[in-house]
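These protein sequence lines are chains B and L, in that order.
So the first sequence is residues 1 to 132, counted in our numbering.
So the second sequence is residues 1001 to 1858, counted in our numbering.
So the structure is just underneath, and the comments pick up after that.
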Amino acid sequence: MTSLERTSIETVVCRLDQIRKESGVTALVAGEAVAVFRTYDDQVYALSNFDPFGKASVLSRGIVGTKTVVVDGVDGRVEEQVPFVASPLLKQPFDLRTGICLDNAEVSVPTYDVRVIDGVVAVGAQRGTIAT
Amino acid sequence: MAPHLRKQLVVVGHGMVGHRFVQAAIERGLTETYDIIVLGEEPRPAYDRVALTSFFEVGAEALSYLPEGVYDDPRVSLHLESEVVAMDATAQTVTLANGKAFAYDELVLATGAAPFVPPVPGKDLGNVFVYRTIEDLEAIREASRTAKAGAVIGGGLLGLEAANALHQLGVKTHVVEMAPRLMAVQIDEAGGATLKRHVEDLGLSIHTGVMTELIDGDADGNVSGIKFKDEDTLPLDIVIFSAGIRPRDLIAREAGLDIAERGGVLVNEDCRTSDEHVWAIGECAAPGGRMYGLVAPGYSMAEVVVDQLLGGEGQFLGADMSTKLKLLGVDVASFGDAFATTEDALELVFADAVAGIYKKLVVAENATGGYELLGGILVGDASAYGSLRPMVGSGMELPANPEELILPAGRGGGVELGLPDEAQICSCNNVTKAEIKAAVSDDATLNDGGPCSDAGCVTKCTKAGSTCGSCKVVVKKIVEDHFAASGKVVDKSLCEHFAMTRQELFDVVAVHGYNRFDDIIEGHGKGRGCDICKPAVASVLASLLNHHVLDGANATLQDTNDAYLANLQKNGTYSVVPRIPGGEITPDKLIVIGQVAKEFGLYTKITGGQRIDLFGARMEDLPAIWKQLVDAGMESGHAYGKSLRTVKSCVGSTWCRYGVQDSVGMAIELELRYRGLRSPHKLKGGVSGCARECAEARSKDFGIIATEKGWNLYVCGNGGAIPSHAQLLAGDLDNETLIKYLDRFLMYYIRTADRLQRTSYWMDAIGGLDRIREVVVDDALGLGAELEAAMDTHVDSYFDEWKATIEDPEKLARFVSFVNAPGTPDPNITFREERGQIQAELNDGPVSLGSTIPVGAP
Ligand code: SRM
Ligand SMILES: Cc1cc2nc3c(=O)[nH]c(=O)nc-3n(C[C@H](O)[C@H](O)[C@H](O)COP(=O)(O)OP(=O)(O)OC[C@H]3O[C@@H](n4cnc5c(N)ncnc54)[C@H](O)[C@@H]3O)c2cc1C
Ligand code: SF4
Ligand code: FES
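So, in structure tokens, the structure goes:
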């Protein structure tokens, strides 16, 4: 079942060059702490900053990299390079695209819409979360 | 049960074998039916006599088998300083010197042996010693303080060990042997000659084939020299007799028990004496007329008697007299039929006079025309001992060219051999290959109900390798082979991004001169890295370049603690630890720490590392906190880094009445020298002002303990989950040499250790303490100067990371709560109060500040 919670307004949080490649910053978006990450290939992702394992607002301070994940693709099982952040507290890896924990798919952090317009990063609404 | 139904067993002698007997009696349930009374003559409970010489390094406590002086089993009582002077086999009693008597139902004699002192005139002079007990060693050490030269009479195994000790105590040492060669019992003439050359190279004087005519004394009744037949008197201040041992069979002799022709209480295969209720074990016993001067046969006898008393049929049928030892740094081993006394035995000899290596194998043809190993002698290089000894008596057929077994590795040697399962791998504790394999097999239960995980665990659970240690390499090999065979390959890759170990990575980075992660992963890895390889690369770069860890793109490689130069706490705040070198701090600095804590509302605690931790700092407050600390003359303590943490110190000679050196001064010097040094794992040091060791230096990666003459340097200790004591690398060093060795040691570790491999594990991985000593002390790889230069570069380029950070706006930019609201504290951080200070509080979910800008309907 999918429950949709949407805000309609984007918050401009910083310039893209304020986020170093393969790192994150924390932004205040509608009163919530949101971690905004920039990957090596200049993709930008936004996740709740709250680490559900450590129960603290820290995810933006984790190390960003890639992890190989085997997925069932159209052509059978294929390897995929997943961009991820490791929680600085106890190192659980989260998929930057989906917020899902790569070690334990039962746990995930909410993700946010985010885009770069003219070198400026804007965070939008929290995306629909899969209710479990 | 009425008390008189319990029987009484008396053990005379609380030495190595007596102790093992009691242990086995408790373990196997003999105390269910017997009360055991142990009467020992020495002032202390049983200790490891085999390791007696290490008393000089580790002290009596470490050697003790029963430091508390009582057994866990209340049915055993131990009486020390209780010499039995007589036994009465008819009345079944033994009597002490003070007249006190004990009745027994069964009597076990474990009185050991005494050093033999030949009737040379002058043998009763002052400063004439034997080498058997801790008291002997204490007296020798005392005498050596003022002595210049000394002699050991006897060039056998123990004599050389005593000579080694005397030499280490800084006394010019002579070894006097009547026989034409050293270790005449164990090795042949050619081996003896090789050994002699080695020992002489170390600065000892060897006199073989000479008779001591008399010992000269001075006016005070102390030794002044010894005179050999037909020679001048050799001036000396100390004499140690080590001319063999004699079983201590006097009380048995006087009680009328049968005594062997060459001494020792005669026992049969059950270890029973000529009296039904009297047993003898260990060095005082002579099974079948022969006494054994090694501990392993004594242990077997102890087990036999326990078994017999339990109604079993255990028997002692002779023992393996193999020996391996490291004498003055020279490996010597002899095993099996070393002198080729078996009929038709053949000898294969390899000798390299230049390298000082002599190896001999004794083999015999078997029924099928192949060869079997009977024994051998190894001098100078005994590395093959562990694998050769178990082959003796195993019935195993040797390869077609048996000489390959003793050729040096480069010349076709070093062949791997599959030993049969029955082969005894550990002779000290009688453990076979099958038992070692069983300990690691999936259905094993030895290790807390499960299988052993590695060789160290096998040693703990089976005792294999726990006594003399000479079988350790083979134990490890068997365990690794087993894992390899069962498909459990130990993958040494750093992570999925780098198929290499940290050491290989270090070399790659050093050789190519990389200074960016991007180049390294492009050239040698795949993907974009992770939380394992990025900090590892960061650490390697920091060790090689000693730049600021937050410079440029490197900031994103750092683990969270390094990334903010503070330790992340569970609620997302940080703790701040200023360096307090050696634990010494002025009142002014203490006041500043207190003021900072008050101003920023921080929790304060004295750490286990002798300094003060300030907890609960918000990330955005860190620069302001550092500014105040730096202004007051403090700097980063690197509590966050895989780097030098603290060099703990005791107060030492500055205040302590026992201190023999300035341990605080030395700790401060070392902490300042190695501060900021990034390493594979954290590094800790300690310096104690005397052997009382109040700084717990031996639980550190490098520990220094003051001696009268300088410093003893111990390496590779740690506390933590699996504590290990640091081991002596070199003794009595002056300041300069100490620092030289430490520089080399630390740099060698940094270059070759694996990621998160603390020094003790690294030591095991690279080949043990001997290997480290070769590289660090003997400079066998010729790397010494290079390692020292690398350390000098580190020392010269040190700067304080906090100071550099607060001076650099670009680095400071990261220290904000929110990029878009730098002044707003993160509402997720909450505290509660406890004992008058703050404590971290966790929240179940994210805490919202409430929307500050209008948002659409939820
Ligand atoms: C603060 C302190 C406890 C205290 O309140 O006293 C402490 C705190 C931590 N220790 Fe420790 N250790 C502290 C002294 C010790 C000591 C005592 C000592 O240094 O004499 C030991 C045993 C000695 C040793 O290291 O061998 C010690 C053995 C460990 C270990 C086990 C290491 C091992 O090799 O087994 C860990 C785990 C690790 O490093 O992997 C550890 C890890 C940690 C970590 C990093 C755990 C973590 O990931 O959060 C803690 C972070 C420190 C922080 O947040 O500030 N801490 N820790 C002590 C700081 C000392 C200092 O001034 O820097
Ligand atoms: C320096 C040194 C190095 C050695 N190295 C090795 C080695 O590498 N490998 C090896 O296998 N062996 C080695 N040994 C030999 C080993 O220590 C002995 O084999 C072992 O200690 C024998 O044990 P034990 O219990 O029979 O005798 P001990 O350990 O000597 O114990 C006998 C005890 O009985 C006490 N005692 C004697 N008479 C009486 C009495 N009447 N009443 C009460 N108590 C009494 C003694 O004081 C002593 O404490 C070494 C020995 C020495 C001294
Ligand atoms: S180790 Fe020795 S010098 Fe240091 S405080 Fe303890 S007793 Fe004193
Ligand atoms: S052979 Fe001595 S410990 Fe194994």
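Just so you know, even glycine gets a beta-carbon here, dropped at the ideal spot from N, CA and C.
Treat the numbers as computed from the prediction; the structure is a model and nothing was measured.
Checklist entry - Among L/H1014, L/T1824, L/T1586, L/V1176, which one has its Cα closest to the Cα of L/E1042? => result L/H1014
Item to check | Contact set between L/D1844 and chain B, taken where Cβ atoms lie within less than 9 Å | outcome: K55
Next on the checklist: Which residue marks the beginning of the alpha helix (DSSP H) containing L/T1194, and which one marks its end?
Outcome noted: 1189 to 1201
Checklist entry - What do you reckon, is the C-beta of L/M1763 under 7 Å from a heavy atom of ligand 2? => result no
Next on the checklist: So, with DSSP's three-state summary, where would you put L/R1020?
Outcome noted: helix
Checklist entry - Checking contacts by CB at 8 Å: is B/Y40 closer than that to chain L? => result yes
Checklist entry - Count the other CB atoms within 10 Å of the CB of L/M1211; is the residue buried (16 or more) or exposed (fewer)? => result exposed
Checklist entry - From L/A1149 to L/L1683, what does the alpha carbon distance come to, in whole angstroms? => result 41 Å
Checklist entry - So, using beta-carbon positions, are L/D1048 and L/Y1034 closer together than 8 Å? => result no
Checklist entry - What do you reckon, is the C-beta of L/H1681 under 7 Å from a heavy atom of ligand 2? => result no
Next on the checklist: Please identify, using Cβ separations under 7 Å, the residues of the stretch 1521 to 1551 of chain L that lie next to chain B, in order along the chain.
Outcome noted: G1527, R1528, G1529, C1530, D1531, K1534
Next on the checklist: Can you tell me whether L/I1238 is buried or exposed? The criterion is at least 16 other CB atoms within 10 Å of its CB, across all chains shown.
Outcome noted: buried
Checklist entry - Between the C-alpha atoms of L/I1281 and L/G1225, what's the straight-line distance to the nearest angstrom? => result 39 Å
Item to check | Residues of the stretch 1568 to 1597 of chain L whose Cβ lies closer than 8 Å to any Cβ of chain B, in chain order | outcome: L1568, K1570, N1571, G1572
Checklist entry - Mind listing which residues of the stretch 22 to 53 of chain B have their C-beta closer than 7 Å to chain L's C-betas, in chain order? => result E22, S23, V25, T26, A27, L28, A30, G31, E32, A33, Y40, S48, F50
Next on the checklist: Given the structure, does L/E1365 come close to ligand 2, in the sense that its CB is under 7 Å from one of the ligand's heavy atoms?
Outcome noted: no
Checklist entry - Say the cut is 7 Å; is the CB of L/S1338 nearer than that to a heavy atom of ligand 2? => result The sequence given here places Ala at residue 1338 of chain L; Ser does not occur at that position. Incorrect: L/A1338 has no Cβ contact closer than 7 Å to ligand 2.
Checklist entry - Cβ of L/E1283 within 7 Å of any heavy atom in ligand 2? => result yes
Item to check | Under 8 Å by beta carbon: chain B residues contacting L/E1496 | outcome: K67, T68
Checklist entry - Can you name, in chain order, every residue of its own chain whose Cβ lies under 8 Å from the Cβ of L/S1797, other than the five neighbours on each side? => result N1546
Checklist entry - In three-state DSSP terms, what is L/Y1658? => result coil
Item to check | Cβ neighbours of B/A122 in the same chain (closer than 8 Å, five flanking residues each side left out) | outcome: E10, T11, V12, V13, V114, R115, V116
Checklist entry - Under a CB-based cut-off of 8 Å, is B/C101 close to chain L? => result no
Checklist entry - Among L/P1390, L/V1171, L/A1400, which residue has its Cα nearest to the Cα of L/T1368? => result L/A1400
Checklist entry - Helix, strand or coil for L/H1014 per DSSP? => result coil
Checklist entry - So with Cβ pairs under 8 Å, would you call L/S1394 a contact of chain B? => result no
Checklist entry - Which of the three DSSP states, helix, strand or coil, is assigned to B/V120? => result strand
Next on the checklist: Starting from L/K1648, trace the alpha helix (DSSP H) in both directions and tell me its first and last residue.
Outcome noted: Counting along the chain, L/K1648 falls outside any alpha helix (DSSP H), though it belongs to the beta strand (DSSP E) covering 1644 to 1649.
Next on the checklist: Given a cut-off of 8 Å on the beta-carbon distance, is the pair B/F94 and L/N1828 in contact?
Outcome noted: no
Item to check | Environment of L/K1488 [buried if 16+ CB atoms lie within 10 Å] | outcome: exposed
Checklist entry - Between L/K1700, L/G1641, L/W1711, L/G1685, which lies nearest to L/Q1661 when the distance is taken from Cα to Cα? => result L/W1711
Checklist entry - Can you give the beta carbon distance from L/V1577 to L/R1611, rounded, assuming they're within the 8 Å contact cut? => result 6 Å
Checklist entry - At a CB-CB cut-off below 7 Å, which residues of chain L make contact with B/R61? => result T1560, A1563
Checklist entry - CA-CA distance, L/S1699 and L/T1341? => result 49 Å
Checklist entry - For a contact meaning CB atoms closer than 7 Å, what does B/A86 contact in chain L? => result C1530, D1531
Item to check | Residues bridged to B/S23 [DSSP beta-bridge criterion] | outcome: B/R38
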